[in-house]
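In this note's numbering, the protein residues as written are 579 to 1492.
Every residue gets a Cβ at the ideal spot worked out from N, C-alpha and C, and that includes glycine.
Structure record follows, encoded as structure tokens.
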């Protein structure tokens, strides 16, 4: 007879097993019934065309009812056959109706065995119910959902469930409710129910039942009245009427204990000696290491101390009787830096600002839109009568602290031990996969990358986090992208959350993922403030983000639940927690650049999206380099505590993640150290490799990168692309922010940059984008930017060490600034030195005072390394020609281009800051 089945996962007319990934091919022959099934004609037309009813509003306390949808459920047919003894069926591996799995040929029946219902529980979220229509007990093994293309999107039953025999009315008394699923409006789904007959779940003498349904939204039955939490006809297309935004739960207040509040006050004003003792005890407590018993209390205490310190610092920025100037742009006002009693160094763009008037009801709020060396520009919500403003208050953003505190609350004690202090691994609840088809063929020559990807896909470290230790240039990001793409391909029911500490890193990951994963499966989630800089974001990313077509950047259920890969920053994952995303939705959570995040920040996605109650639902992957810069903290006391340490760095010190003392190898089930560096010339890698990575790194950069600068006539040693240029400059301090700068070093940087741009290297031209300039001091960065602007060198990237972490350039220049000082300050930070010295691919020029730098033991080793390799420049060794004449020094070249000392000295005041 003609088959009632519709093929899922294979083209019409094909036969046998499915060939498509995650698909199921269906094979049918004659009809046969088992037991005493419901009579063929007992199903009424109403049964065949039953619709689910929407739940009553409000849902989960939402103030605004959601869009309610009805779905058509159409029965397609039933297959019944005898299963071979001892044959276990795996829905992700085996086709559920392959002939070789069974004793007999499959037979088809038009009578239904199961009863399928769909009921909406939340916005875009539906509860699947299954009942039994036959008069014998039936085991329900699994409910498989396929999209219209035949790809498996969800398995809802992981353990068999016994359904009792049907009652006289034709349906069993209790409908078994299985896991919720998100159904995207407008799509068609195929649903396969798989079970066995009989009240015994053994494989012997049982009949396998496979039943298929077609599920589509019945648009004619959708409630005519639709609700949106936000709707703007100017930015939303017609299809947006079917989209519903998340309703974020309110964050709990962040409460600072009275004792912490007293911690940063002037102790001389505290008369109570008991409080003094408690304060001293609290300070000592804050310096304790984490342990399973004190973890939650300790990490929360350190976060309280950090927030309180920021509140105190921000209170110093409050301006009384401020002088405010209106600007030409509407609603823009500026305040001069000179009005602040202390330099507002902690203020940044998007900080919330309050203009306080005598009448509180007329207060106006806004945010900082720009900061320069001379002024702060503020954009307000409505026009301000500046003469009525008595105070200007700058507010600390508490939301990140609130999200972090929520994550601590969600981390139950058993989870703390398993995730934060793991001692053993059990492996994840997935079937191991041994065969891989690589997206990047070159990975086959990199053992460490292959092991890392296979371990991540197979969840070998579960429930402990897996650590991808990626030293500079070793392809950490490429390895992450490969692992994510393999999970997407080989685990078709897995949803993936990809996070990073910065938007730069998250965007880089998104760009690379778009090359290997269909764009329809990727969603980039931005903060609202990112919309202000949308022109600076790659449009390929914006197109698949919450900024596409939206002025607010809000997200909808369809964005998260309709995409298998979600990419965002660490802090923005807290908004997903606020949105009450199903805690079992994500099967893998990746945290890139984890080494630069506070441990409590890394807990945000882990506690809220990888765990639920006392269960761990997702495999956690931490990627980064513990040898480079860690979390950035402003409070000196906290720098002496574990608050300055990332989760990745702390875990690497645990026995489970430690190197074997005999082999120096890591446990491949929990950590992989990438060793092949594709970034730099071998000499550029050598010093940091020996000092920080025990000589484990191997220089594998392409020939053209390694040899680009070798042989350049300005190199002291033409075989070594390093220049340490001694400059005996004078360290100066900015009167506003107390940051240091060094004019003479800046001039030397300008000389080298100008020379390379004008003459190239080894006959090859050098562009501005080839060059990066880094300095540890903010004021030197500002000075360098101004000098480059005056020459119209706008494409040269200039920044602090923190800004350059994770980046690279063909040519890097480093200005160390400190000269004739008694110490080297935070230049002594080994991680900072490691970052600075590992950004260059082909050429590195370090400019500084060796006599001052020698005050630090690690810098002294670097200077000795340069001496041994003949890399220390001597200005008079070679006399460059200028207009056909030899000059006495390269300083004459600088002066000849019109860069007189007087004009250079005036740059700071003459050129506006960024």
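Checklist entry - Given a threshold of 16 other Cβ atoms within 10 Å of its Cβ, counted over all protein chains shown, does residue 1037 qualify as buried or as exposed? => result buried
Item to check | First through last residue of the alpha helix (DSSP H) which encompasses residue 1357 | outcome: 1356-1368
Checklist entry - Any idea if residue 1210 is buried or exposed, counting beta-carbon neighbours within 10 angstroms, 16 or more meaning buried? => result exposed
Next on the checklist: Please return the same chain residues whose Cβ sits closer than 6 angstroms to the Cβ of residue 1283, not counting the five positions on each side in sequence.
Outcome noted: 1419, 1420
Checklist entry - Three-state secondary structure (DSSP) at residue 884? => result helix
Next on the checklist: Please report the straight-line C-alpha distance between residue 1146 and residue 1226, rounded to a whole angstrom.
Outcome noted: 19 angstroms
Checklist entry - Does the separation of the CB atoms of residue 1053 and residue 1027 fall below 8 angstroms? => result yes
Item to check | Buried versus exposed, by CB contacts within 10 Å (16 or more), residue 1034 | outcome: buried
Next on the checklist: Short of 7 angstroms in beta carbon distance, which residues of its chain neighbour residue 1410, apart from the five on each side in sequence? Order them along the chain.
Outcome noted: 1207, 1354, 1379, 1404
Checklist entry - Which of helix, strand or coil does DSSP assign to residue 1371? => result coil
Checklist entry - Looking only at its own chain, which residues have a Cβ that is under 7 angstroms from the Cβ of residue 1247, when we skip the five neighbours before and after it? => result 1003, 1033, 1038, 1039
Checklist entry - Using a Cβ-Cβ cut-off of 6 angstroms (strictly less than) and excluding sequence neighbours within five positions of residue 1043, which residues of its own chain qualify? => result 1198, 1200
Checklist entry - Do three or more CB pairs link the segment 959-975 to the segment 899-915 at distances below 8 angstroms? => result yes
Checklist entry - Going by C-alpha distance, which of 1392, 1381, 1305 is nearest residue 1331? => result 1392
Checklist entry - Excluding five sequence neighbours on each side, which residues of the same chain lie with their C-beta closer than 6 angstroms to the C-beta of residue 974? => result 888, 889, 892
Item to check | Endpoints, the beta strand (DSSP E) within which residue 910 is located | outcome: 910-914
Checklist entry - Just curious, the beta strand (DSSP E) that residue 1101 is in, first and last residue? => result 1100-1102
Checklist entry - Is the Cβ-Cβ distance between residue 1424 and residue 1382 less than 8 angstroms? => result no
Item to check | residue 1044, DSSP secondary structure in three states | outcome: strand
Checklist entry - In whole angstroms, what separates the C-alpha of residue 1252 from that of residue 959? => result 50 angstroms
Checklist entry - Which two residues bound the contiguous beta strand (DSSP E) that contains residue 1390? => result 1387-1393
Item to check | Residue of 925, 882, 963 minimising C-alpha distance to residue 905 | outcome: 963
Checklist entry - Do residue 1122 and residue 1105 have their C-beta atoms closer together than 8 angstroms? => result no
Item to check | Residues bridged to residue 1422 (per DSSP) | outcome: 1300, 1390
Checklist entry - Sorted by chain position, which residues of the same chain lie with C-beta nearer than 7 angstroms to residue 998's C-beta, five sequence neighbours on each side aside? => result 873
Checklist entry - Taking the alpha-carbon positions, what's the residue 1385 to residue 1279 distance? => result 16 angstroms
Item to check | For residue 1399, three-class secondary structure by DSSP | outcome: coil
Item to check | Within 8 angstroms, strictly: CB atoms of residue 1178 and residue 881 | outcome: yes
Checklist entry - By how many angstroms is the C-alpha of residue 1277 removed from the C-alpha of residue 1298? => result 14 angstroms
Next on the checklist: Does residue 649 pass the burial test, meaning 16 or more other C-beta atoms within 10 Å, or should it be called exposed?
Outcome noted: buried
Item to check | residue 1320 to residue 1431 span [Cα, whole Å] | outcome: 14 angstroms
Checklist entry - Starting from residue 718 and walking both ways along the beta strand (DSSP E), at which residues does that stretch end? => result 716-724
Item to check | Identity of the residue in 1376, 1348, 1304, 1346 nearest residue 1396 by Cα | outcome: 1304
Checklist entry - Ends of the alpha helix (DSSP H) at residue 1135? => result 1135-1139
Next on the checklist: Quick check on residue 1306: buried or exposed, where buried means 16 or more other Cβ atoms within 10 Å of its Cβ?
Outcome noted: exposed
Checklist entry - From this set, 868, 935, 1095, 1126, which residue's C-alpha is nearest residue 1109's C-alpha? => result 1126
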